[in-house]
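Peer 1: Sequential numbering from 1 applies to the sequence shown in my numbering.
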Amino acid sequence: MAIDKEDLASLEKRLSSVPSQARKLFTHIAELAYHGRGEDRQAHTTYLPELHESCGLDVEAMYETLDVLKHAGLIVVEKPYPFEDVVIAKELSGRNVVESVARICEQKRVPLRDVLVDLKFELLK
1 MAIDKEDLAS LEKRLSSVPS QARKLFTHIA ELAYHGRGED RQAHTTYLPE LHESCGLDVE
61 AMYETLDVLK HAGLIVVEKP YPFEDVVIAK ELSGRNVVES VARICEQKRV PLRDVLVDLK
121 FELLK
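#1: Buried or exposed for residue 26, please, with buried defined as at least 16 other CB atoms from any protein chain shown within 10 angstroms of its CB.
#2: Taking all protein chains shown into account, do 16 or more other C-beta atoms lie within 10 angstroms of the C-beta of residue 95, making it buried, or fewer, making it exposed?
#3: What separation, rounded to the nearest whole angstrom, lies between the Cα atoms of residue 48 and residue 14?
#4: Per DSSP, what kind of secondary structure is residue 29 in: helix, strand or coil?
#5: Kindly indicate which residue of 85, 113, 106 and 72 has the alpha-carbon position closest to the one of residue 44.
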């Protein structure tokens, strides 16, 4: 599975612009979206109640961190409270590079955290 270099560079730039704590939450969002409970989910989506129950942050800290991720263009929050969905944002190309990164990490048995939190994008090669 090849990843467009421009898409990957864009993701890396946006991830490096946010604090480590935000990257950790983003990684958790990606894990839930791509390794969640089956195909009944909306694509690229994590459901807010599930995220809150499993992320270890209180509500205020979670929303503050989600705002950081939104401002960095990494996620989009859809639907009104309390039915919010957290959707991983697509690249300008229209592709979802995070899904591709997650699949490659799975194939190579590389922890997604190593790439998205620690910014070790070289592990994808």
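In this text, a Cβ means the ideal position worked out from N, Cα and C, and glycines have one as well.
Peer 2: Taking the geometry as given:
#1: buried
#2: exposed
#3: Residue 48 and residue 14: Cα-Cα distance of roughly 22 Å.
#4: helix
#5: 85
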